[in-house]
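To start, the structure under review is shown below, and the notes come after it.
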Amino acid sequence: MSQINAYRRKFLAALSGVAAGSLASGVILRTVQAGDVPAKPADQPISNQVRWGMLIDINRLTDGGASMVEACKREHGWGNDPKARPEQQAQWIRTVQVTDKLTQHSFTLPVMCQHCAEPPCVDVCPTGASMKRADGIVQVNKHICIGCRYCMMACPYKARSFVHENLTDQRPDSPRGIGTVESCNLCVHRVDQGQLPACAEAAPQAVIFGDLNDPNSRISQAVKTLGGSQIRADLSLNTGVRYLGL
Amino acid sequence: MSSKSTTYSELRASKAYYLILGICLAVLGLGAMSFFHLEHEGHHVTGMNNQVVWGLPHVFAIFLIVAASGALNIGSIGTVFRKKLYQKMGRASALLAIALLLGGLAILVLDLGHADRLIIAMTYYNFKSIFAWNIILYNGFLVLCLLYIWTMQDRAVKAFYPYIGFFAFSWRLILTLGTGSIFGFLVARTYYNSAIMAPLFIAMSFALGLAVFIILLFFTFRLDKRELGDLILNRLRYLLAIFVASVMFLELARHLTALYITQRHGVEQFILLDGGIYTLLFWIGQVLVGGLIPLSLIFCRALKNNHWSLLLASTLVIIGGFVQLYVIIVGGQAFPLELFPNAEVQSSFFDGELNRYTPSIWEWMLGVGGVALTLALFYVGMKVLRFLPESLADSEVEVN
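Going down the list, the protein sequences come from chains A and B. In terms of my numbering, the first sequence opens at residue 301 and continues consecutively. In terms of my numbering, the second sequence opens at residue 20 and continues consecutively.
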């Protein structure tokens, strides 16, 4: 009898722990706050004091991240290249449905460039076009990308796409060009102006964007309290994009 | 060099020579057409896509590049290991190495999304990239081959011949190490990420370079009515067997290791058992046609001194090597990247799916264009300079 009571106590304690956790995440993840992304004055260099990161609570993404994908498409103008076949279309961010083979536990999450601290795409790029900014944003320098696609071979997340055709009417802040590789750049043009990345803005209930290096930032507080898993953490790439609920 | 004096001479002008050159130029034209079409249209006209990002052009290119370093090996055996029998073939071997490398590099460069930015590849270096190292290694290889030829052609610099030969041999080993490491260093891809890719590529280079050399040597001597004896052909025959066996041994070690690692079971099952075309290509193309049949042809006693069986064996080694590279490059990408172990995944970006790839006519044209460039350079080279010995008859060659 006492054993059962002990078990009940443990179970209730665990339940209340889960409730407290989700409550805390609700408090922390509820709204986007001004001050998460201070604007960078145009005449100042990018600082390595900052490490931009993103925490995505997939349990709070009611659509699995579809609205984030749509926002990215609108912001950067990809996804409908007229001549490319479906498998040649660029996809900077996509929703991936995952089902565990044994438990059948299933969830959906958005996957994009994970902005690794040690990015394999940067290691392999022969010209240095694939680069990491001092603030941790990984992107492609379109001026010196020769289109060898070695970064696409190296990326563990399939985050990169190659532009297979001539494009017109690109967005001013997303100079997509034939024969070069492209990927999520954390909306670097917005971040530098103190705005959130388009995907984070589209899912304010589930995404915190901010400076992982600042211990007082909301994202740092959130990952400290709630954790934040990395996809393929076994590769030790120390990703800037973290997930809750994997 | 060889103590017996050897007379080298240019290829004689013949109808056959001009016919070969004409065919090469025509195929080269196809390659050029393909390049301009890709440059104009973009890569959407190819079978390559955002899942299989390297395709048939890369198979052609890497085949030629790997064979290039192997072709130089003939000269190296003469210089570094002082085998006199091989010294007479040193000039032709270095010329073939240059021709193969240029053919392969031409494909690689012309397939780039921005071939017009070649100058950037030459001036912007990320030294952590094995690709950047390869650019330096390829350029250095060309320079060393030219110097090597110079020391063989010009008595005034003959004193440098052994040193340049040794340096070129070391360089070529590092070069193929680098080519294999392009794949070996891909940490995320379970079919590639392995240090054994580097020695595997070196063994492949020995086999492919020699096979190409045997075929070209034989037909060029026939074409030019020069004598080629059994002594040399039998030496090359058994050397080929050793190299083919080395490739098979390293492939065996690679797959056995992968079969022991649970994480790699998926991709191994795909390639070895249920990968459709890739499984077929692996067992029939690579193992049987590229390995077991050539070895049988070489060691069959009844076929000793039979030139045609050696030529057939060499041809099969070339086909097998090409298939092997196709399985490695395309097959390795056809298997999906594993983001979540032990889970089924699906997405609009083909996550979790076996990736499809069918090469387009443009990729074939670019590939054979590179082969034609190699042959054209080789034959024009032999026509204008003295690369070929007048005779390699048994009475002319020394064995040590």
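Heads up, the beta-carbon is just placed ideally off N, CA and C, and yes, glycines get one too. As the structure is a computational prediction, the values presented were derived from the model and not from experiment.
Taking 8 angstroms as the cut-off, decide whether the C-beta atoms of residue i and residue j are in contact.
i, j, result
"F220 (chain B)", "A90 (chain B)", "no"
"I317 (chain B)", "Y257 (chain B)", "yes"
"A502 (chain A)", "S367 (chain A)", "yes"
"V424 (chain A)", "K432 (chain A)", "no"
"F238 (chain B)", "T98 (chain B)", "no"
"V418 (chain B)", "L275 (chain B)", "no"
"L335 (chain B)", "I303 (chain B)", "no"
"V78 (chain B)", "F341 (chain B)", "yes"
"A140 (chain B)", "T427 (chain A)", "yes"
"A80 (chain B)", "I155 (chain B)", "no"
"I149 (chain B)", "L166 (chain B)", "no"
"Q414 (chain A)", "I531 (chain A)", "yes"
"C421 (chain A)", "C445 (chain A)", "no"
"N374 (chain B)", "Q343 (chain B)", "no"
"K323 (chain B)", "L30 (chain B)", "no"
"D357 (chain A)", "G510 (chain A)", "no"
Comparing the C-beta of residue i with each C-beta of chain A, is any distance below 8 angstroms?
i, result
"V364 (chain B)", "yes"
"S151 (chain B)", "The sequence as given places Ala at residue 151 (chain B); Ser does not occur at that position. A151 (chain B) counts as touching chain A."
"Q305 (chain B)", "no"
"W383 (chain B)", "no"
"K323 (chain B)", "no"
"L30 (chain B)", "no"
"Q106 (chain B)", "no"
"I139 (chain B)", "yes"
"A207 (chain B)", "yes"
"D293 (chain B)", "no"
"E409 (chain B)", "no"
"G132 (chain B)", "yes"
"K147 (chain B)", "yes"
What is the DSSP secondary structure of residue i, counted as helix, strand or coil?
i, result
"S24 (chain B)", "coil"
"Q282 (chain B)", "helix"
"C406 (chain A)", "Before going further, note that residue 406 (chain A) is Ser rather than Cys in the sequence given. It is a strand residue."
"V46 (chain B)", "helix"
"Q530 (chain A)", "coil"
"F359 (chain B)", "coil"
"S33 (chain B)", "coil"
"F301 (chain B)", "helix"
"V418 (chain B)", "coil"
"Q521 (chain A)", "helix"
"I328 (chain A)", "Bear in mind that a pLDDT of 46 at I328 (chain A), under 50, signals an unreliable position, so the model cannot answer this."
"V422 (chain A)", "helix"
"N538 (chain A)", "coil"
"S474 (chain A)", "coil"
"Y257 (chain B)", "helix"
"N380 (chain A)", "coil"
Does residue i come within less than 8 angstroms of chain B when only Cβ atoms are used?
i, result
"I478 (chain A)", "yes"
"S461 (chain A)", "yes"
"T539 (chain A)", "no"
"Y457 (chain A)", "yes"
"L535 (chain A)", "yes"
"N466 (chain A)", "yes"
"G545 (chain A)", "no"
"I437 (chain A)", "no"
Tell me where the beta strand (DSSP E) around residue i begins and ends.
i, result
"Y376 (chain B)", "Neither: Y376 (chain B) is in no beta strand (DSSP E) and is coded neither H nor E."
"T399 (chain A)", "393 to 400"
"D511 (chain A)", "507 to 511"
DSSP beta-bridge partners for residue i?
i, result
"L247 (chain B)", "B:L411"
"Y211 (chain B)", "Y211 (chain B) pairs with nothing; no bridge assigned."
"M67 (chain B)", "M67 (chain B) pairs with nothing; no bridge assigned."
"D357 (chain A)", "A:L544"
"K432 (chain A)", "A:V438"
"M412 (chain A)", "A:I393"
"S461 (chain A)", "A:E482"
"Q349 (chain A)", "DSSP output for Q349 (chain A) lists no bridge partner at all."
"S366 (chain B)", "A:V396"
Going by DSSP, what residue range makes up the alpha helix (DSSP H) through residue i?
i, result
"R191 (chain B)", "180 to 203"
"Q344 (chain A)", "Careful: Q344 (chain A) lies outside any alpha helix (DSSP H) and carries neither H nor E."
"W152 (chain B)", "149 to 172"
"Q106 (chain B)", "103 to 106"
"R374 (chain A)", "366 to 376"
"A175 (chain B)", "A175 (chain B) -> no alpha helix (DSSP H), and no H or E assigned at all."
"Y143 (chain B)", "From DSSP, Y143 (chain B) is part of no alpha helix (DSSP H); its letter is neither H nor E."
"I290 (chain B)", "No alpha helix (DSSP H) contains I290 (chain B), which DSSP labels as neither H nor E."
"F220 (chain B)", "216 to 242"
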